[in-house]
Each structure stands twice: as C-alpha cells, then as structure tokens.
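A.B. asks: Sharing a structure with you now.
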Amino acid sequence: MFEPVDAGSQDPEIAHEQAVVDATYHRLDQLKDEYRLAQERAHRQHGVGNAQGFTERDVLSAHFSDLRERLDQVEDRLVFGRIDMEDDLTHYVGRIGISTAEGEPMLIDWRAPASRPFYQATAIDPQGVIRRRHLTTRARRVTAIEDEALDQEAANKRNMTLQGEGALMSALSEARQGHMTDIVSTIQAEQDSVIRSEDSGLVIVQGGPGTGKTAVALHRAAYLLYTQRDRLQHSGVLLIGPSHVFLRYIEQVLPSLGETGVVSVTMGDLLPGFHAQAHDSERVARIKGKAVWQSIIRRAVKGLQRVPDADQELRVWSRTVTLTVEDIRAAHAHARRTGKPHNEARDGFALELMDVLARRLAADERDRRSREGVHDVDGNDVEMWRQEIRDSVDARRAINLAWMPTSPLTLLERIFARPGYLEQLNASVPNRLTFDEIAGLRRPKGSPLTVSDIPLLDECAELLGTSSALRERENNERAERLAYAREAIERQNLGDGIVTAQMLADATREGESHSSLAERARRDRSWTYGHIVVDEAQELSPMAWRALLRRCPSRSFTVVGDLDQRRGHDRPSTWHEALGPAARALSEEYVLTISYRTPRQLIDRAQRVMAAVGEPMSGELQAVRDVTDAYELTHLAQEHQPPSSPETDDMWEPTREAIRRELSVLDHTVGIGRGRLAIIMGSERADQWNADTDGHTTLSERVAVLSATAAKGLEFDSVIVVEPSEILGDGPGDLFVALTRSTQRLHIVSSGQVLSGLEQN
Numbered sequence: 014m015f016e017p018v019d020a021g022s023q024d025p026e027i028a029h030e031q032a033v034v035d036a037t038y039h040r041l042d043q044l045k046d047e048y049r050l051a052q053e054r055a056h057r058q059h060g061v062g063n064a065q066g067f068t069e070r071d072v073l074s075a076h077f078s079d080l081r082e083r084l085d086q087v088e089d090r091l092v093f094g095r096i097d098m099e100d101d102l103t104h105y106v107g108r109i110g111i112s113t114a115e116g117e118p119m120l121i122d123w124r125a126p127a128s129r130p131f132y133q134a135t136a137i138d139p140q141g142v143i144r145r146r147h148l149t150t151r152a153r154r155v156t157a158i159e160d161e162a163l164d165q166e167a168a169n170k171r172n173m174t175l176q177g178e179g180a181l182m183s184a185l186s187e188a189r190q191g192h193m194t195d196i197v198s199t200i201q202a203e204q205d206s207v208i209r210s211e212d213s214g215l216v217i218v219q220g221g222p223g224t225g226k227t228a229v230a231l232h233r234a235a236y237l238l239y240t241q242r243d244r245l246q247h248s249g250v251l252l253i254g255p256s257h258v259f260l261r262y263i264e265q266v267l268p269s270l271g272e273t274g275v276v277s278v279t280m281g282d283l284l285p286g287f288h289a290q291a292h293d294s295e296r297v298a299r300i301k302g303k304a305v306w307q308s309i310i311r312r313a314v315k316g317l318q319r320v321p322d323a324d325q326e327l328r329v330w331s332r333t334v335t336l337t338v339e340d341i342r343a344a345h346a347h348a349r350r351t352g353k354p355h356n357e358a359r360d361g362f363a364l365e366l367m368d369v370l371a372r373r374l375a376a377d378e379r380d381r382r383s384r385e386g387v388h389d390v391d392g393n394d395v396e397m398w399r400q401e402i403r404d405s406v407d408a409r410r411a412i413n414l415a416w417m418p419t420s421p422l423t424l425l426e427r428i429f430a431r432p433g434y435l436e437q438l439n440a441s442v443p444n445r446l447t448f449d450e451i452a453g454l455r456r457p458k459g460s461p462l463t464v465s466d467i468p469l470l471d472e473c474a475e476l477l478g479t480s481s482a483l484r485e486r487e488n489n490e491r492a493e494r495l496a497y498a499r500e501a502i503e504r505q506n507l508g509d510g511i512v513t514a515q516m517l518a519d520a521t522r523e524g525e526s527h528s529s530l531a532e533r534a535r536r537d538r539s540w541t542y543g544h545i546v547v548d549e550a551q552e553l554s555p556m557a558w559r560a561l562l563r564r565c566p567s568r569s570f571t572v573v574g575d576l577d578q579r580r581g582h583d584r585p586s587t588w589h590e591a592l593g594p595a596a597r598a599l600s601e602e603y604v605l606t607i608s609y610r611t612p613r614q615l616i617d618r619a620q621r622v623m624a625a626v627g628e629p630m631s632g633e634l635q636a637v638r639d640v641t642d643a644y645e646l647t648h649l650a651q652e653h654q655p656p657s658s659p660e661t662d663d664m665w666e667p668t669r670e671a672i673r674r675e676l677s678v679l680d681h682t683v684g685i686g687r688g689r690l691a692i693i694m695g696s697e698r699a700d701q702w703n704a705d706t707d708g709h710t711t712l713s714e715r716v717a718v719l720s721a722t723a724a725k726g727l728e729f730d731s732v733i734v735v736e737p738s739e740i741l742g743d744g745p746g747d748l749f750v751a752l753t754r755s756t757q758r759l760h761i762v763s764s765g766q767v768l769s770g771l772e773q774n
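Structure, rendered in structure tokens:
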C-alpha cells in the first residue's frame with residue numbers, strides 16, 4: 014500500500030501539493046493583514062481623547078488582535094490532509110477552515126463534519142474515500158507525502174499514485190521535544206470516535222500508557238469549542254491537570270488547534286486567591302478527600318450561628334435593652350429560610366436584630382416620656398436607635414456571637430488547629446473520621462496550604478459566601494458598566510455583532526484593559542463553565558469532584574485517566590467508584606486499548622511486573638510498535654539506601670554511567686543532541702537528589718530528573734528508572750507510570766533483589 018518517496022526530489026505529486034499549500038498560506042496571510050488593518054482603523058477612529066473613546070478603541074483592538082493571534086497559532090502545519098472522494102471531489106483538511114475571498118472553501122477545519130472521513134474511513138468502510146493523503150510540512154514547505162488507498166480498484170481506475178510510509182508510524186518515531194504536540198494529522202479511528210462523541214454528560218476515557226488519552230481530551234475540547242461555540246464562548250472551558258509541569262507540557266496543543274481561551278489549572282490553583290503547591294502524605298490526602306468533610310464543614314458553619322443560654326442585657330447609649338433568646342432564634346430561622354450562604358445571610362440577620370432592639374428601645378423611650386407627660390414623640394426615634402445600636406459595643410458583640418462572620422481560611426485553620434473542635438464536629442456525622450485520622454490532621458494555624466486543602470477551602474467558601482454588602486457593591490458597579498457600554502455602542506454605531514455590550518463593560522473595570530473570558534473565569538470562584546476537562550482523573554478525591562461539579566451545573570465533562578496509574582495503595586476497581594459524587598453524571602465510558610507510544614517490549618514487561626507485585630492491569634493494552642534493544646538492566650549486587658545527597662549515594666555513579674550510555678544511544682538513533690532522557694525515582698530519593706518539581710528543567714533540558722509522580726502524563730525518548738523497589742513503596746501505580754514513559758528505551762538501575770519481570774532476558 015505504501016511506497017517511500019524522496020522529499021527532496023522534484024516529484025510532481027509534491028510539486029502539486031506545494032502549490033496548494035502555497036495558495037492556502039497566501040490566503041492566511043491576507044486574513045492576517047485584514048485583521049491588522051481593522052485593528053489600525055480602530056485605533057484611528059475610536060480614540061477620541063476621553064476615557065470612553067479609549068475604552069472602545071481598546072476593546073476593538075483586542076478583538077481584532079485575538080483574531081489575528083488565532084491565525085498566528087495555526088501557522089505550523091496548517092495543511093496536513095487530503096481526501097479524494099468517489100464523487101471526484103477533493104477536500105483538503107487543516108487546523109482551521111479557510112475560504113477564498115469569494116467564499117469558496119480552500120481548507121476544511123479538521124472538526125467539520127466534512128473532515129470526518131479523513132479520520133474514520135477504513136478499507137472495510139471507506140465512507141466514499143478513494144485515497145487518504147497525509148502531508149508533512151515544515152516552514153511552509155511540503156517535505157513528504159503518505160497515501161492510503163481505501164478503495165484500491167477505484168484508485169487504479171483513476172491512475173492515482175500512492176506514496177509514503179505511513180503518517181502515524183513516522184510521527185511515533187520522531188524524537189520527543191519539551192512540549193506535547195497535537196495529533197490532529199494522525200488521529201486514529203478509535204480516538205476520533207471519542208473526540209466527536211456527543212456532549213451528553215460526563216464522558217470517561219480510560220486508557221493505558223501511550224494510548225493518547227490526553228491528546229484525545231484536548232482535541233475533544235477543541236472539537237466542542239468548534240461545534241458549540243455559541244454556548245462555550247460565554248461560559249468557557251476549564252482544564253484540570255495533575256501538575257504545573259504537565260500543564261506546561263501540554264500548553265501549546267490547544268493554541269495550535271486555534272483555541273486560546275481555555276482556563277488551565279491544577280487543583281491547587283482552582284480557588285482564586287490561593288496557590289497550593291505542597292502535597293500531603295498519601296494517607297493525609299486520602300483523609301482530607303473523604304466525602305464526610307461535606308457534613309463536617311456544614312456543621313462547622315452552622316456552629317457559627319449560636320443561641321445563647323439566656324437573655325442578654327445590652328448597654329446602648331445611656332439605656333439598657335434586653336436581647337432575648339427567642340429574638341435570636343426567630344432571626345436565625347428567618348435568615349436560614351433565605352437559602353443564602355452564611356456570610357451573605359448574616360446582614361439580614363443583623364438588620365432584623367437591630368430592628369428588634371431599636372423598636373424595643375423606641376417603645377421604652379415612648380413609655381418613659383409618656384410617664385413624664387411628654388407627648389411629642391419623634392417619628393425618627395427608631396432610626397436614631399438603629400444608629401446607636403451600630404455604635405454599641407455590647408450590641409455588636411452579641412449579634413456577632415449569634416451569627417459569627419468568618420473567612421474560609423480562618424474556619425479551616427481552626428478545624429485543623431483544634432482536634433477537640435474537629436472531634437466535636439465529627440461526632441454525629443455518618444462515616445465519621447477515626448480518632449487516629451483526626452490526630453493525623455492536626456497542624457498549627459498559618460501552616461502552608463496543601464493541594465488537598467483546596468477542595469475543603471472551596472467547600473467552606475461555598476457555604477460561607479461573601480458579605481452581601483460586597484456583593485451589592487459589585488452588582489451595582491457591573492450594572493453601571495453595562496449601562497455605559499450599551500450607550501457607547503449606540504453612540505459609535507457598533508451594534509453589528511463585532512463587539513457586545515458585555516465586552517465593553519468588562520473592559521471598563523478600573524485599571525483593566527479588555528479582559529478575556531478566560532481571565533475573568535480564572536479569578537471568579539462562582540464562575541460556571543460550559544465544559545470541564547479532567548486529566549489524570551483517577552487521582553481526584555470525592556471532595557475534589559464536589560468542587561468541580563459546582564463549577565459545571567450542566568455536568569458536561571471529558572474525564573480521562575488510567576485506574577492502573579492511581580497513586581498509593583488503594584486503587585478503585587471501577588470508574589464508577591473512582592468518580593465519587595460525579596458518578597451520577599456518568600453517561601459514557603470509552604476504553605482506548607492501543608498504545609501508540611510505548612514499545613511492545615516495554616508494555617509487556619510492565620504488565621509482567623504489575624502482575625508479579627499483585628496489581629495486574631485492569632484492562633487490555635496492545636502496542637503497535639516493536640523497538641529493537643528497548644530494555645537494559647544495570648544491577649548492583651548490594652542493596653543501597655538513599656543518603657543525604659547524590660554525591661554520597663552509591664547509586665549515583667551507576668546512574669551517571671547509565672545516563673552516558675542512553676545519551677550515546679540517542680545521539681546514534683535520533684541525531685546528535687536530539688531526543689530527551691528522564692531519570693525517574695521514588696519520592697524520597699527525588700527529594701535527596703533535588704529532582705525537578707516545577708518543570709524548570711523537565712521541559713527545557715535534554716536530561717530531566719524527577720519523581721514518578723511528577724512524570725505522570727509526560728513522555729521521553731529514553732527513561733532510566735532508579736531503584737524500582739523504592740518507587741513501588743510509593744505505590745504500584747507510580748511504578749507503572751515510571752516503566753511506561755519511554756518511546757524508545759527503558760534502562761533500570763537496581764540494587765539488591767531485582768523485581769520479578771525486570772530481569773535482563
């Protein structure tokens with residue numbers, strides 16, 4: 014089916030495709046120029062020397078700048094596919110759709126229905142496709158062509174020439190770089206069916222190492238942004254990744270597909286104003302993730318609403334007034350019936366008690382005056398007494414103690430700093446924490462936040478809310494900006510859909526220029542997204558799922574992960590179990606069974622190791638590639654323990670020798686200085702060896718040193734695993750991750766007893 018072609022020759026097929034590519038890029042450049050000129054016109058016509066004029070100018074300028082940026086992002090490999098159809102039509106497939114100035118299609122967006130056969134047609138089901146062609150380009154030049162005849166008889170009748178070696182295998186053999194690249198030109202049918210699946214609830218994509226599940230999730234996000242742009246352009250898409258290293262690794266994929274407005278965060282950054290990087294131990298993280306915290310925190314918030322044991326005598330100005338227990342109970346009931354969060358309901362509660370006290374004081378004053386024979390009662394007495402109550406220390410203290418305002422952080426710190434308080438909250442809840450679990454959570458106030466704290470803080474924030482005074486001020490400011498924006502649009506005659514009143518309103522915030530939807534969503538805790546993508550989802554706790562569910566009321570999720578790669582020693586057997594409270598939204602589960610990245614020799618070996626340690630893989634996984642000499646073992650006869658630094662570690666020199674060996678192999682196989690090598694180890698040794706935890710070197714240097722946890726989701730040409738038995742101590746999932754990061758070679762450096770399955774054959 015395939016025949017190789019020399020890209021450097023004057024092949025007529027390549028020459029023909031080069032002409033098509035040239036014309037498409039020429040049109041792309043024209044569109045860029047049009048947006049640039051429109052941006053310049055906006056600067057000339059809408060900067061009238063006052064604040065309103067400058068704001069309008071900035072919004073228009075940002076709009077056309079965003080359009081031009083989208084085109085800049087798709088510059089690389091703009092055209093990558095062609096399909097020749099039975100009806101004699103030829104379609105070119107690319108990153109975005111492009112038409113001539115007259116509206117004739119030149120390039121079909123890969124997400125459009127017309128491009129579906131490019132990905133899904135097979136020889137058994139050609140879907141009207143005679144020939145599928147992959148174009149490889151570099152710097153706008155066609156360098157190679159790979160063809161597949163899906164209808165050989167029809168191709169012969171049309172004298173079609175078939176060229177190339179297969180786009181997928183060619184892409185898989187390329188050296189890795191510091192960032193993930195898109196797979197838009199090599200999406201396989203198994204993956205495409207997931208990408209184009211209906212948006213009907215929570216979709217699970219289960220896939221072992223190298224199956225492309227992350228790429229599938231990102232491409233599905235881009236697909237939904239294309240097919241449901243009207244909905245998602247107002248609500249946005251949230252992407253949750255396992256680490257900052259991972260987010261940096263994938264950060265170029267969506268922009269290369271023409272999408273730049275996705276919010277990408279880790280769970281540690283989910284809550285605006287907080288940035289948690291520290292990690293709890295596996296045990297503590299598991300405790301903090303339990304669903305019981307929903308009840309514990311609710312009880313803690315309710316405990317801020319107190320009823321005193323007896324009536325209270327309060328000093329207000331020169332008078333004494335009684336605040337009764339029944340007054341407080343009634344105000345509690347009224348405030349709770351509003352359904353507002355604690356802090357937001359407090360203002361109504363306080364105003365009710367102030368009114369009760371003011372009327373009581375006014376009545377007492379009227380009685381006193383009446384007894385004294387004074388009958389000219391001032392009608393403003395009640396309002397005067399309200400002001401006196403505001404100034405009364407006794408009244409403020411009594412009202413605060415009856416409905417104490419607080420912040421999420423203050424409440425959570427109190428829970429962790431006072432085990433007795435947590436025991437009290439935990440006492441009558443179902444599935445409560447054990448005494449040992451409570452003891453393990455104790456920490457002083459002011460301790461650094463951990464990633465596992467963020468869902469608990471979010472739960473606190475949901476139940477506490479913000480003060481109604483602050484919310485009212487923000488709403489008033491928002492209404493004023495929107496009214497101004499509508500007036501500006503009418504004055505400048507901009508009501509053609511290019512700029513909306515909301516865009517102008519967002520741009521008028523003090524100290525801000527035009528603010529993108531992604532930026533606004535990132536800083537707003539109450540923002541609800543139209544779709545959420547979760548990668549490495551097997552790591553999320555029930556409380557983490559609660560935080561995500563409240564951010565997506567539509568329950569539109571793409572959830573990808575691998576149960577076999579779950580951290581720790583407590584692996585769920587099904588996704589229904591792993592999803593916790595999100596399981597109710599589960600609508601479809603897809604299983605990717607083909608590993609495109611990891612060589613068959615390494616997949617088979619990893620499967621044997623997992624079976625030997627009592628954690629056999631939960632599903633089938635088949636590799637499509639064989640790589641010669643993919644495995645090597647360096648074995649030291651004596652067992653070693655992690656020392657205080659690499660220089661004093663007996664494992665350091667054997668590892669350095671393995672590094673020299675693997676770099677030499679890379680130089681020989683993929684080119685001098687090319688290819689990437691990872692040294693992966695357990696968490697304790699990673700700390701001792703100062704492994705990269707924030708991605709400073711993992712993505713930029715040829716050699717990366719990192720823990721198995723930090724390596725999750727990444728891939729390298731070669732991998733050296735130091736002391737697999739130590740990684741196993743962190744959990745079998747971590748070991749499975751370490752053994753399956755390589756696209757070419759795996760080198761084990763081990764002392765003592767070699768784990769079963771890792772012996773050199």
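Each residue of the sequence shown is one higher than the one before, starting from 14 at the first, in this note's numbering. Yeah, the Cβ is synthetic: ideal placement off N, Cα and C, and Gly gets one too.
In angstroms, rounded to a whole number, what distance separates the CA positions of M397 and R373?
C.D. replies: Taking the straight line joining both Cα atoms gives about 12 Å.
A.B. asks: Excluding the 5 residues flanking V197 on each side, which residues of the same chain have their C-beta closer than 6 Å to its C-beta?
C.D. replies: These residues qualify, in order along the chain: W123.
A.B. asks: Would you mind sorting V320 into buried or exposed? The rule is 16 or more other CB atoms within 10 Å of its CB.
C.D. replies: Exposed, by the Cβ-count rule.
A.B. asks: Look up L245 in the DSSP assignment and say whether it is helix, strand or coil.
C.D. replies: Here L245 sits in helix by DSSP.
A.B. asks: Count the other CB atoms within 10 Å of the CB of G316; is the residue buried (16 or more) or exposed (fewer)?
C.D. replies: With fewer than 16 other Cβ atoms within 10 Å, it is exposed.
A.B. asks: Can you list, in chain order, the residues of its chain whose CB lies under 8 Å from that of P585, leaving out five sequence neighbours each side?
C.D. replies: Within the same chain, P585 has close Cβ partners Q551, L576, R579 and A591.
A.B. asks: Taking the alpha carbon of Q437 as the reference point, which residue from L768, S308 and D407 has its own alpha carbon closest?
C.D. replies: The residue with the shortest Cα to Cα distance from Q437 is S308.
A.B. asks: Going by DSSP in three states, H292 sits in which element: helix, strand or coil?
C.D. replies: Of the three classes helix, strand and coil, the one that applies to H292 here is coil, per DSSP.
A.B. asks: Going by CA-CA distance only, name the one from L454, A313, L336 and Q201 that's closest to D322.
C.D. replies: Out of L454, A313, L336 and Q201, L336 has the C-alpha closest to the C-alpha of D322.
A.B. asks: Could you tell me which of N774, D97 and V155 sits nearest to Q140, measuring between CA atoms?
C.D. replies: The shortest Cα separation from Q140 among N774, D97 and V155 belongs to D97.
A.B. asks: Identify which residue in A430, Q204 and R242 has its Cα closest to the Cα of V250.
C.D. replies: Residue R242 is the option with its Cα nearest to V250.
A.B. asks: Taking its Cβ as the centre, do 16 or more other Cβ atoms sit within 10 Å of G684, making it buried, or is it exposed?
C.D. replies: Result: exposed.
A.B. asks: Going by DSSP, what residue range makes up the alpha helix (DSSP H) through E602?
C.D. replies: It is not in any alpha helix (DSSP H) - E602 instead sits in the beta strand (DSSP E) that spans L599 to L605.
A.B. asks: So is R145 buried or exposed if we call it buried at 16+ other beta carbons inside 10 Å?
C.D. replies: Under this definition R145 is a buried residue.
A.B. asks: Do T801 and H760 have their C-beta atoms within less than 8 Å of each other?
C.D. replies: A query on residue 801 cannot be resolved here, the shown segment of the chain reaching from 14 to 774 and no further.
A.B. asks: If the criterion is Cβ atoms closer than 8 Å, does the pair E339 and T333 meet it?
C.D. replies: For E339 and T333, no; Cβs fall outside 8 Å.
A.B. asks: Are at least three pairs of beta-carbons, each pair with one atom in the region 609-620 and one in the region 633-649, less than 8 Å apart?
C.D. replies: Yes: at least three Cβ pairs fall under 8 Å.
A.B. asks: Which residues in the same chain as R40 place their Cβ atom closer than 7 Å to its Cβ, once the five residues preceding and following it in sequence are excluded?
C.D. replies: Excluding sequence neighbours, R40 sits near I111, T113 and M119.
A.B. asks: Taking only the alpha-carbon atoms, compute the straight-line gap between V767 and H147 and give it to the nearest angstrom.
C.D. replies: Taking the straight line from one Cα to the other gives about 45 Å.
A.B. asks: With contact counted as at least three CB pairs below 8 Å, one residue from each stretch, are the region 227-243 and the region 266-273 in contact?
C.D. replies: Yes, the region 227-243 is in contact with the region 266-273.
A.B. asks: Need the endpoints of the beta strand (DSSP E) that G574 sits in, please.
C.D. replies: Per DSSP, G574 belongs to the beta strand (DSSP E) from F570 to G574.
A.B. asks: Answer with buried or exposed for E772, where buried requires no fewer than 16 other C-beta atoms within 10 angstroms of its C-beta.
C.D. replies: Result: exposed.
A.B. asks: Taking the alpha carbon of R775 as the reference point, which residue from S206, Y38 and D360 has its own alpha carbon closest?
C.D. replies: Outside the displayed range of the chain (14 to 774) lies residue 775, so it cannot be described from this structure.
A.B. asks: In the DSSP output, what is E159 paired with across the bridge?
C.D. replies: According to DSSP, which records beta bridges pairwise, E159 is partnered with H147.
A.B. asks: Return helix, strand or coil for G281, following the three-state DSSP convention.
C.D. replies: Three-state DSSP puts G281 in a helix.
A.B. asks: Quick one: grab the DSSP three-state call for H192.
C.D. replies: If DSSP states are grouped into helix, strand and coil, H192 belongs with coil.
A.B. asks: Go ahead and pull the three-state DSSP assignment for T541.
C.D. replies: Residue state, collapsed to three classes: coil.
A.B. asks: Would you call H681 buried or exposed, if buried means 16 or more other Cβ atoms sit within 10 Å of its Cβ?
C.D. replies: So H681 ends up on the exposed side.
A.B. asks: Going by DSSP, which residues form a beta bridge with M630?
C.D. replies: According to DSSP, which records beta bridges pairwise, M630 is partnered with nothing at all.
A.B. asks: To the nearest angstrom, how far is the alpha carbon of G543 from that of D537?
C.D. replies: When rounded, the distance between both Cα atoms is 15 Å.
A.B. asks: Anyone know if the C-beta pair for V678 and G632 falls short of 8 Å?
C.D. replies: Cβ distance not < 8 Å, so V678 and G632 don't count as in contact.
A.B. asks: With a 10 Å radius around its C-beta and 16 neighbouring C-beta atoms as the bar for buried, classify E739 as buried or exposed.
C.D. replies: Per the 10 Å Cβ criterion, buried.
A.B. asks: Spell out the partners DSSP gives E326 in its beta bridges.
C.D. replies: Note: E326 sits in a beta bridge opposite T335.
A.B. asks: What distance in whole Å lies between the Cβ atoms of L752 and V626, which are believed to be in contact at a cut-off of 8 Å?
C.D. replies: About 11 Å separates the two Cβ atoms, so there is no contact after all.
A.B. asks: Could you say which of H56, T135 and M630 lies nearest to A162 if we only look at CA atoms?
C.D. replies: Selected option, being the one with the closest Cα: T135.
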